[in-house]
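Asks:
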Amino acid sequence: MIKQILEKVDQSAELTPDEIRALLGISDPEELQALYDCAYRVKEREVGKVAYFRGIIECSNICVKDCYYCGIRKSNQNVERFQMDEEEIIREALWSYENEYGSAVIQAGERKDPAFIDMIERVVKTVKEKTNGKLGITLSLGEQTEETYRRWREAGAHRYLLRIETTSPELYAKLHPEDHDLEERKHCLALLKKTGWQVGTGVMMGLPGQTSEDLVNDILFMKEFDVDMIGMGPYIPHRDTPMGKEIPPYTDEQKQTALTLGLKMIAVTRIVLKDINIAAATALQALEHTGREMGLKCGANVIMPNVTETEFRPSYTLYDNKPCTDENSSMCRGCLTARITGIGETIGFNEWGDSPHYAKRNAHG
Ligand code: 5AD
Ligand code: FES
């Protein structure tokens, strides 16, 4: 049965929801390997064996949201809040450019106050000017108004990441306080499309109470919504959060289970959505040292090396055991370059690396 489905994939045929469900249900090690290999063939065919780097700048852990899983949620008193100044963010973006990353991602907890919105706009404009428009800029700054999305787009950023986290209304309600709204998040994704962004979304896998049916629906949602890029990773408990408090630190066995589920989702998403960009989430590396390379071997084609100054890194702990918090940006560059060349791939230095999907979506108007 699995063999037939994978053969269908090799012939570029579309899968039915039942077939997607069957792939996500694989547990036999040989079938798992066959799934990963098949996803890798789709990746080679659709986007090539090139990994693109996006230097991620985690510029502030101040957040107005209170998600029950996240280490920088508003109510967590055990975290020292920081906000980089403009010069600092610009310096890290320019470091990404000088180190040939092609793109940078500016990420922070959610803030909607005018001072923050203006600041981001100025930073984007300055970085664009200083790199002659050559550094691609992705923003990952949460839910905003149409006006804000438009202003940041006009300032020169061109990609936006807003994870939907889960598409199950029941699960979404369990993971968030009442005033966090799944429909509002979907609306924001629609606004991003409307205001001309390349849009990325994604989910967490292995959440307490999440079913494989939920994950099938997540993949179908991302396909239906016609996203250009996906960043998704395993849920990892954070000890100072309402959800994480209930869960003792993962045993080695639980880590392996979470890792396998994460890799399976990447593989099946590559197979179903084909020509999009998929990031190998840093959270994979929190479960296993080689987790991000494993993500690339299962179909991911983007890596987001941390370019945040080392002093700020420990304060941006979304989940426990986040890797690279003692390292600096050069160390991560060297480390990831070795990891990627070690699996026989090249790195798309100095390229934006937009997904072929976006180019096609645009060509079709
Ligand atoms: N485990 C894994 N990922 C998490 N995120 C937040 N908290 C956790 C956690 N405990 C992810 C969310 C968010 C992204 C920036 O980090 O999906 O969108
Ligand atoms: Fe940061 Fe390996 S990626 S040290």
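All residue numbers in the sequence shown are consecutive under the numbering used here, ending with 354.
Cβ coordinates follow ideal geometry from the N, Cα and C atoms, glycine included.
1) If you reduce the DSSP assignment to three classes, tell me which class T230 lands in.
2) Does DSSP put Y161 in a helix, in a strand, or in coil?
3) Are there any heavy atoms of the ligand FES lying less than 7 Å away from the beta-carbon of M283, as far as the coordinates show?
4) Closer than 6 Å by C-beta to H346: which residues in its own chain qualify, once you throw out the five before and the five after it? Chain order, please.
5) Pairs of beta-carbons, one from the stretch 155 to 166 and one from the stretch 121 to 141, closer than 8 Å: are there three or more?
6) Could you pull out every residue in the same chain whose Cβ sits closer than 8 Å to the Cβ of A352, ignoring the five residues on either side in sequence?
7) Any idea if I332 is buried or exposed, counting beta-carbon neighbours within 10 angstroms, 16 or more meaning buried?
8) Span of the beta strand (DSSP E) holding V94?
9) Pick out every residue whose C-beta is nearer than 6 Å to a heavy atom of the ligand 5AD: which are they, in chain order?
10) Check whether chain B comes within 8 Å of E(-4), counting only Cβ atoms and requiring the distance to be less than that.
11) In this structure, how does DSSP classify C56 when only helix, strand and coil are distinguished?
12) What span of residues does the alpha helix (DSSP H) with G125 cover, start to end?
13) May I ask whether a heavy atom of the ligand FES can be found less than 7 Å away from the beta carbon of L325?
14) According to DSSP, is C48 helix, strand or coil?
15) Go ahead and pull the three-state DSSP assignment for R152.
16) Measure the C-alpha to C-alpha separation of E110 and E143 and round it to an integer number of angstroms.
17) Rounded to whole angstroms, what's the CA-CA distance from E77 to Y305? Just pull it up for me.
18) Do M211 and T258 have their beta-carbon atoms positioned less than 8 Å apart in this structure?
19) So, with DSSP's three-state summary, where would you put T335?
20) Am I right that H280 and L248 are in contact with their C-beta atoms under 8 Å? What's the rounded C-beta distance?
21) P223: buried (16+ other C-beta within 10 angstroms of its C-beta) or exposed?
22) Take the Cβ of H176 as the centre, count every other Cβ of all protein chains shown within 10 Å, and call the residue buried at 16 or more, exposed below.
23) Would you list the residues sitting across from Y41 in a DSSP beta bridge?
24) What do you reckon, are the CB atoms on S318 and V291 nearer than 8 Å?
25) Rounding to the nearest angstrom, what Cα-Cα distance links D55 and R62 in this structure?
26) To the nearest angstrom, how far is it from the Cα of E316 to the Cα of G323?
27) To the nearest angstrom, how far is it from the Cα of Y58 to the Cα of P226?
28) Can you tell me whether Q(-7) is buried or exposed, with buried defined as 16 or more other CB within 10 angstroms of its CB?
29) In terms of alpha-carbon separation, which member of A348, T314, D309 and G284 lies closest to A40?
30) Alpha carbon to alpha carbon, how far is K183 from V116? Give it in angstroms, no decimals.
31) Would you mind giving the Cβ-Cβ distance between R228 and G191, rounded to the nearest angstrom? I have them listed as a contact below 8 Å.
32) Looking only at its own chain, which residues have a Cβ that is under 6 Å from the Cβ of C313, when we skip the five neighbours before and after it?
33) Taking DSSP as the reference, what is the three-state secondary structure of P103?
34) Classify H147: buried if its beta carbon has 16 or more other beta carbons within 10 angstroms, exposed otherwise.
35) Take every Cβ of the stretch 228 to 245, pair it with every Cβ of the stretch -1 to 14, and state whether three or more of those distances are shorter than 8 Å.
36) Relative to the C-alpha of A256, which candidate in L273, E242, A23 and C287 has its C-alpha closest?
Replies: This is what the structure holds:
1) Indexing the sequence shown from 1 puts residue 230 at position 241. Coil at T230, not helix or strand.
2) By one-based count along the sequence shown, residue 161 stands at place 172. Y161 falls in the helix class under three-state DSSP.
3) Taking the sequence shown and counting its residues from 1, one reaches residue 283 at position 294. No; taking the cut-off as 7 Å, the Cβ of M283 has no heavy atom of the ligand FES nearer than that.
4) Within the sequence shown, the letter at position 357 stands for residue 346. Cβ neighbours of H346 beyond the five flanking positions: D217, D264 and I265.
5) no
6) Here residue 352 corresponds to residue number 363 of the sequence shown, with the count starting at 1. Around A352: no qualifying Cβ.
7) Taking the first residue of the sequence shown as 1, we reach residue 332 at position 343. Classification of I332: exposed, given that the 10 Å Cβ count is below 16.
8) In the sequence shown, counting from the first residue as 1, residue 94 sits at position 105. Segment S92 to A97, the beta strand (DSSP E) holding V94.
9) Y58, C59, R152, E154, M193, G222, Y224, I225, H227, A272, L307 and Y308
10) Here there is only one protein chain, and chain B is not present.
11) Along the sequence shown, read from residue 1 onward, the residue named residue 56 stands at position 67. Of the three classes helix, strand and coil, the one that applies to C56 here is coil, per DSSP.
12) By one-based count along the sequence shown, residue 125 stands at place 136. Where G125 is concerned, there is no enclosing alpha helix (DSSP H), although the beta strand (DSSP E) it sits in stretches over G125 to S129.
13) Residue 325 sits at position 336 when you count from the first residue of the sequence shown. Correct: L325 has its Cβ closer than 7 Å to the ligand FES.
14) By 1-based counting over the sequence shown, the position of residue 48 is 59. The answer is strand: DSSP assigns C48 an E or B state.
15) On the sequence shown, residue 152 is found 163 positions in, with the first residue counted as 1. Here R152 carries a coil assignment [DSSP, helix/strand/coil].
16) Here residue 110 refers to the residue found at position 121 when the sequence shown is read from its first residue. Here residue 143 refers to the residue found at position 154 when the sequence shown is read from its first residue. About 9 Å.
17) The residue labelled residue 77 in the question sits at position 88 within the sequence shown. The residue labelled residue 305 in the question sits at position 316 within the sequence shown. Those two C-alpha atoms are separated by around 16 Å.
18) For the purposes of this step, residue 258 is taken as residue 269 along the sequence shown, with counting starting at 1. For the purposes of this step, residue 211 is taken as residue 222 along the sequence shown, with counting starting at 1. Closer than 8 Å, so yes.
19) Mapped onto the sequence shown, residue 335 falls at position 346. Strand at T335.
20) Start at 1 with the first residue of the sequence shown, and residue 280 comes out as number 291. Start at 1 with the first residue of the sequence shown, and residue 248 comes out as number 259. In the sequence as presented, His is not what sits at residue 280; that position holds Gly. The Cβ separation is near 6 Å, so the contact holds.
21) Counted from its first residue, the sequence shown places residue 223 at position 234. Result: buried.
22) Your numbering for residue 176 matches position 187 in the sequence shown. Around the beta carbon of H176, fewer than 16 other beta carbons sit within 10 angstroms, so the residue counts as exposed.
23) Residue numbering aside, residue 41 sits at position 52 when the sequence shown is read from its first letter. Note: Y41 sits in a beta bridge opposite V291.
24) Numbered from 1 along the sequence shown, position 329 holds the residue referred to as residue 318. Numbered from 1 along the sequence shown, position 302 holds the residue referred to as residue 291. In this structure, V291 does not lie closer than 8 Å to S318 by Cβ.
25) The count along the sequence shown starts at 1 and reaches residue 55 at position 66. The count along the sequence shown starts at 1 and reaches residue 62 at position 73. Roughly 5 Å separates the two Cα atoms.
26) Taking the first residue of the sequence shown as position 1, residue 316 is located at position 327. Taking the first residue of the sequence shown as position 1, residue 323 is located at position 334. Roughly 11 Å separates the two Cα atoms.
27) As a position in the sequence shown, residue 58 is number 69, starting the count at 1. As a position in the sequence shown, residue 226 is number 237, starting the count at 1. Rounded to whole angstroms, Y58 to P226 spans 7 Å at the Cα level.
28) Locating residue -7 in the sequence shown gives position 4, where the first residue counts as 1. Burial check for Q(-7): the Cβ neighbour count within 10 Å stays below 16, so the residue is exposed.
29) In the sequence shown, the residue the question calls residue 40 occupies position 51. Here the closest residue by C-alpha is G284.
30) Translated into positions along the sequence shown, residue 116 becomes position 127. Translated into positions along the sequence shown, residue 183 becomes position 194. Straight-line Cα distance between these residues: approximately 24 Å.
31) Start at 1 with the first residue of the sequence shown, and residue 228 comes out as number 239. Start at 1 with the first residue of the sequence shown, and residue 191 comes out as number 202. Rounded, the Cβ-Cβ distance is 24 Å, inconsistent with contact.
32) Within the sequence shown, residue 313 is the residue found at index 324, counting from 1. Closer than 6 Å at the Cβ level, and outside the excluded window around C313, lie N295 and C321.
33) The residue labelled residue 103 in the question sits at position 114 within the sequence shown. P103: helix per DSSP, three-state reduction.
34) Position 158 of the sequence shown, counting from 1, holds the residue named residue 147. H147 comes out buried.
35) The stretch 228 to 245, when compared against the stretch -1 to 14, does not touch it at the 8 Å Cβ threshold.
36) In the sequence shown, counting from the first residue as 1, residue 256 sits at position 267. When each option's Cα is compared against that of A256, the closest is C287.
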